[in-house]
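Engineer:
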Amino acid sequence: MSGSDNAPLEVDESDTMQLVRQAVLFENLELISDLIRENPWSLVKVDQHGRTLLMLAAHNGRVDSLKTLLALNHNSLNSTNGAGKTALHLAAEAGEVLAVQQLLVAGADAECRDSFGHCALESAHIAGHDDVAAAIIESIREFLRSDKLNEAHTQLICACSEGDVDSVDRILASFSIKDRYVLLNGRTPDCDTAMFISCTNGQVEIVKHLLHPDNEHVLVNPITKDTVLHAAVSSQNVELLRIMLEVPLSSIQFHSDFIFFQFPASTWNSLIFRLSLP
Numbered sequence: 001m002s003g004s005d006n007a008p009l010e011v012d013e014s015d016t017m018q019l020v021r022q023a024v025l026f027e028n029l030e031l032i033s034d035l036i037r038e039n040p041w042s043l044v045k046v047d048q049h050g051r052t053l054l055m056l057a058a059h060n061g062r063v064d065s066l067k068t069l070l071a072l073n074h075n076s077l078n079s080t081n082g083a084g085k086t087a088l089h090l091a092a093e094a095g096e097v098l099a100v101q102q103l104l105v106a107g108a109d110a111e112c113r114d115s116f117g118h119c120a121l122e123s124a125h126i127a128g129h130d131d132v133a134a135a136i137i138e139s140i141r142e143f144l145r146s147d148k149l150n151e152a153h154t155q156l157i158c159a160c161s162e163g164d165v166d167s168v169d170r171i172l173a174s175f176s177i178k179d180r181y182v183l184l185n186g187r188t189p190d191c192d193t194a195m196f197i198s199c200t201n202g203q204v205e206i207v208k209h210l211l212h213p214d215n216e217h218v219l220v221n222p223i224t225k226d227t228v229l230h231a232a233v234s235s236q237n238v239e240l241l242r243i244m245l246e247v248p249l250s251s252i253q254f255h256s257d258f259i260f261f262q263f264p265a266s267t268w269n270s271l272i273f274r275l276s277l278p
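The opening position of the sequence shown corresponds to residue 1 in the UniProt record's numbering, with each subsequent residue numbered one higher.
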C-alpha cells in the first residue's frame, strides 16, 4: 500500500481478515488487539473497496476501533489507498465528524491530496458535510494559533531575559487571557518560564509586570524542584528578592533550610546585609 513502507496494495478477503473487520465494525476492542497481535500483516491488507482496517474504522465512524488501531500502529495514520485517499479522506467523505476529529487529534495530515487533487476539507465540502468541514477548519486554525503561541513564548522569554519591558507588554497584549498560561510557562515541563527567567536574570521591572493578578505562573520547576525564590536568590538582586519575599507564594511547598543550603554563606551574608539597609 502507499503507506509508511510504500508496499503495494493487496486485497485480502480471507476468513481471518473477515473476522478482524467484523471486530472493527462491532468495536470488539479486545478481539481486535488479539487478532492483530497474532496477525500483524492484517494491518496492510485491504478489502474489495481498497480500505485498510484503519480506513474501514474511519469510514464507518468506529471511533473506539480507530483509537485501538492507532495505538497498535500509529504509522498507518496517513497511509493512502489506490485512490490516494487516507483514513481522514474516507471519514470526511462519509460525514463521520467524530472520526475526523479523532484522526486530527492523532495528527492526521489534513493537507494530503488524493488522486483527484482533493484534500479532506474539499472532500467534505463536495460531499456536503458542513459539520465535518467546520471541524477540519477549526483544527487548522488551532494548529496555526498554537504555532504562533509557541513562537510568541520564545520571544517573551528572550524579552524577559533582556529586561525589555515594552516587548513583554506588547507580547502579552497580543494574546487573550486564555492563552496567557502557555505564553508565560510554555507547553511542557522542560520549557523556560517567564518568571524563572526574569528572576534568574534579576530583571526587577519585568517581574513587577509579570506579577499582574491575571497571570498564572509556574512557581516550582517540575524537573529540578527549584522555586522562583531560588531563582531570585541566585540573581543576588536585593530589590528583586525583597519583592519576591513580599509576594504571597502559598502554592510553593519547600523546606526553607533547603534554599539556604543551596547557596554559599558568603552569598547569604551579602544579601542579608543589603536587605537590612534602608
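Where a beta carbon is used, it is the ideal one built from N, C-alpha and C, also for glycine. The model shown is predicted, which means the values in this text are computed figures rather than measured ones.
For S14 and R187, I'd like the C-alpha separation in whole angstroms.
Structural biologist: Translated into the one-based positions of the sequence shown, residue 14 becomes position 14. Translated into the one-based positions of the sequence shown, residue 187 becomes position 187. Roughly 47 Å between the two C-alpha positions.
Engineer: Which same chain residues, not among the five before or five after L98, have their C-beta less than 7 Å away from its C-beta?
Structural biologist: Locating residue 98 in the sequence shown gives position 98, counting from the first residue. Closer than 7 Å at the Cβ level, and outside the excluded window around L98, lie G61, V63.
Engineer: Rounded C-beta distance between V182 and H153? I'm assuming under 8 Å.
Structural biologist: Taking the first residue of the sequence shown as position 1, residue 182 is located at position 182. Taking the first residue of the sequence shown as position 1, residue 153 is located at position 153. Confirmed, Cβ separation roughly 7 Å.
Engineer: Would you say the segment 112 to 119 touches the segment 137 to 146, given that touching needs at least three Cβ pairs under 8 Å?
Structural biologist: The segment 112 to 119 vs the segment 137 to 146: no contact.
Engineer: Would you kindly work out how many angstroms separate the C-alpha atoms of E151 and I171, rounded to a whole number?
Structural biologist: Along the sequence shown, one-based indexing puts residue 151 at 151. Along the sequence shown, one-based indexing puts residue 171 at 171. Rounded to whole angstroms, E151 to I171 spans 11 Å at the Cα level.
Engineer: Just how far apart, CA to CA, sit A71 and Q102?
Structural biologist: Within the sequence shown, residue 71 is the residue found at index 71, counting from 1. Within the sequence shown, residue 102 is the residue found at index 102, counting from 1. Separation of A71 and Q102 (C-alpha to C-alpha, rounded to the nearest whole angstrom) is 12 Å.
Engineer: How would you call V238, buried or exposed, if buried means at least 16 neighbouring beta carbons within 10 angstroms?
Structural biologist: Here residue 238 is taken as the residue at index 238 of the sequence shown, counted from 1. Its Cβ being crowded by 16 or more others within 10 Å, V238 is buried.
Engineer: I'd like to check one pair, L229 with L202: are the Cβ atoms closer than 8 Å?
Structural biologist: Indexing the sequence shown from 1 puts residue 202 at position 202. Indexing the sequence shown from 1 puts residue 229 at position 229. The question names Leu, yet the displayed sequence has Gly at residue 202. Against a cut-off of 8 Å, the Cβ pair of L229 and G202 comes out as no contact.
Engineer: Tell me the DSSP secondary structure of T86 in three-state form.
Structural biologist: The count along the sequence shown starts at 1 and reaches residue 86 at position 86. Coil, per DSSP.
Engineer: In whole angstroms, what separates the C-alpha of S123 from that of L156?
Structural biologist: In the sequence shown, residue 123 corresponds to position 123, counting from 1. In the sequence shown, residue 156 corresponds to position 156, counting from 1. S123 and L156 have their alpha carbons spaced roughly 40 Å apart.
Engineer: Any heavy atom of the ligand ADP closer than 7 Å to the Cβ of K67?
Structural biologist: What this structure holds is no ligand at all, so the ligand ADP is not there to describe.
Engineer: Taking 8 Å as the cut-off, decide whether the C-beta atoms of S189 and P213 are in contact.
Structural biologist: For the purposes of this step, residue 189 is taken as residue 189 along the sequence shown, with counting starting at 1. For the purposes of this step, residue 213 is taken as residue 213 along the sequence shown, with counting starting at 1. The displayed chain sequence assigns Pro, not Ser, to residue 189. The answer is no: Cβ separation not under 8 Å.
Engineer: Would you please state the rounded distance, in angstroms, between the beta carbons of D53 and L69? I believe it to be under 8 Å.
Structural biologist: The sequence position of residue 53 within the sequence shown is 53, counting from 1. The sequence position of residue 69 within the sequence shown is 69, counting from 1. Reading the sequence as shown, one finds Leu at residue 53 and not Asp. Contact holds; Cβ gap of about 6 Å.
Engineer: Would DSSP call T200 helix, strand or coil?
Structural biologist: Walking along the sequence shown from the start, residue 200 turns up at place 200. The answer is helix: DSSP assigns T200 an H, G or I state.
Engineer: For a test of the three-state rule: what should DSSP assign to H154, helix, strand or coil?
Structural biologist: Here residue 154 is taken as the residue at index 154 of the sequence shown, counted from 1. Correcting the residue type first, residue 154 is Thr in the shown sequence and not His. Three-state result, T154: helix.
Engineer: DSSP three-state label for T224, please.
Structural biologist: Here the question's residue 224 lines up with position 224 in the sequence shown. T224 falls in the coil class under three-state DSSP.
Engineer: Please give the ranges of any beta strand (DSSP E) in the segment 17 to 96, keeping only runs that are unbroken, at least 3 residues long and fully inside the region.
Structural biologist: Counting only runs of 3+ residues, no beta strand (DSSP E) is found wholly inside the segment 17 to 96.
Engineer: Around the Cβ of R37, are there at least 16 other Cβ atoms within 10 angstroms (buried) or fewer (exposed)?
Structural biologist: As a working note, residue 37 is residue 37 in the sequence shown. Taking every protein chain shown into account, the CB of R37 has fewer than 16 other CB atoms within 10 angstroms, so this residue is exposed.
Engineer: Taking C-alpha atoms, which residue in T227, A58, L56 lies nearest to I197?
Structural biologist: Working through the sequence shown from its first residue, we reach residue 197 at position 197. That would be T227, whose Cα lies nearest to the Cα of I197.
Engineer: Going by the DSSP bridge assignment, what does V11 pair with across the sheet?
Structural biologist: Numbered from 1 along the sequence shown, position 11 holds the residue referred to as residue 11. For V11, which the question treats as bridged, DSSP gives the partners V46.
Engineer: Compare the Cα-Cα distances from E10 to each of W41, L104, D164 and report the closest residue.
Structural biologist: In the sequence shown, the residue the question calls residue 10 occupies position 10. It is W41 whose Cα lies nearest to the Cα of E10.
Engineer: Run through DSSP, which three-state label would L103 get?
Structural biologist: In the sequence shown, the residue the question calls residue 103 occupies position 103. Three-state DSSP puts L103 in a helix.
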